[in-house]
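For the sequence shown, numbering that gives the first Met the number 0 begins at 0 and goes up steadily by one.
Note that CB positions come from ideal geometry on N, CA and C, so glycine has one too.
Nothing here was measured: the structure is a model prediction, and the numbers come from that model.
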Amino acid sequence: MLNNSPTMEDLDGGMASDVEREEEEAVTDLLRDRFRLCTISIAEGEAKQCGMEVSQPIITCISDLAFKFAEQLAKDLELFAQHAGRKSVNMEDVILSAHRNDHLAASLRSFCNDLKTKEPNLERKRKKNPRREGRVAPDLLRTPDT
Numbered sequence: 000m001l002n003n004s005p006t007m008e009d010l011d012g013g014m015a016s017d018v019e020r021e022e023e024e025a026v027t028d029l030l031r032d033r034f035r036l037c038t039i040s041i042a043e044g045e046a047k048q049c050g051m052e053v054s055q056p057i058i059t060c061i062s063d064l065a066f067k068f069a070e071q072l073a074k075d076l077e078l079f080a081q082h083a084g085r086k087s088v089n090m091e092d093v094i095l096s097a098h099r100n101d102h103l104a105a106s107l108r109s110f111c112n113d114l115k116t117k118e119p120n121l122e123r124k125r126k127k128n129p130r131r132e133g134r135v136a137p138d139l140l141r142t143p144d145t
């Protein structure tokens with residue numbers, strides 16, 4: 000018979016990961032609920048503005064779809080940044096995520112350009128140390144003995 004009882008190390012590590020997982024789930028649930036409330040408010044406002052009524056199950060479905068889309072978008076943006084060797088997402092990643100929707104991509108580019116003109120120092124790139132043109136590597140200075 001196999002002994003499947005966890006060791007003390009498994010319990011400590013398991014408890015820590017269980018607590019972290021529960022906290023992460025609580026944060027996710029809170030975000031989902033707040034996102035749902037905002038989505039419902041927007042849907043009801045748009046329906047009211049258009050003189051329409053939208054049933055509660057439809058609003059809930061729209062809210063869930065919007066949240067799932069936002070989750071997937073966040074994962075894609077994270078992957079784009081990782082692929083570029085960065086730890087944070089930038090505007091280019093967001094524009095890249097909209098590459099299948101030409102109108103949205105153009106709107107995002109326009110918005111990005113507007114931001115850049117308002118704050119020119121928004122995206123400061125690290126300057127590499129320029130090599131002095133007068134310096135030459137020591138091994139290249141060897142002259143043949145004559």
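With 16 other Cβ atoms within 10 Å as the buried cut-off, status of residue i
i	result
THR116	exposed
ASP92	buried
MET0	Note that MET0 scores a pLDDT of 47, beneath 50, so its modelled location is shaky and nothing firm can be said.
THR38	buried
SER62	buried
LEU121	In this prediction, LEU121 scores a pLDDT of 48, lower than 50, which makes its location untrustworthy; the coordinate-derived value is nonetheless stated afterwards. Flag for LEU121 reads exposed.
When the options are compared against residue i, the one with the closest alpha-carbon
i	options	result
ARG35	GLY50, LYS67, GLU22 and MET51	LYS67
ALA69	ASP17, GLN81 and ALA97	ALA97
Nearest-angstrom beta carbon gap, residue j and residue i [assumed within contact, 8 Å]
i	j	result
ALA80	LYS74	The pair is not a contact, with the Cβ atoms about 11 Å apart (cut-off 8 Å).
CYS60	MET90	About 31 Å separates the two Cβ atoms, so there is no contact after all.
LEU107	VAL88	Actually they do not touch by this definition, with Cβ atoms about 13 Å apart.
ALA83	ILE94	The Cβ separation is near 13 Å, so there is no contact.
Through-space distance from residue j to residue i, alpha-carbon basis
i	j	result
VAL53	LYS47	9 Å
ALA42	GLU118	34 Å
MET51	SER40	14 Å
PRO102	SER109	In the sequence under discussion, the amino acid at residue 102 is His, which differs from the Pro named in the question. Cα-Cα distance, rounded: 11 Å.
THR27	ARG20	10 Å
VAL18	LEU29	16 Å
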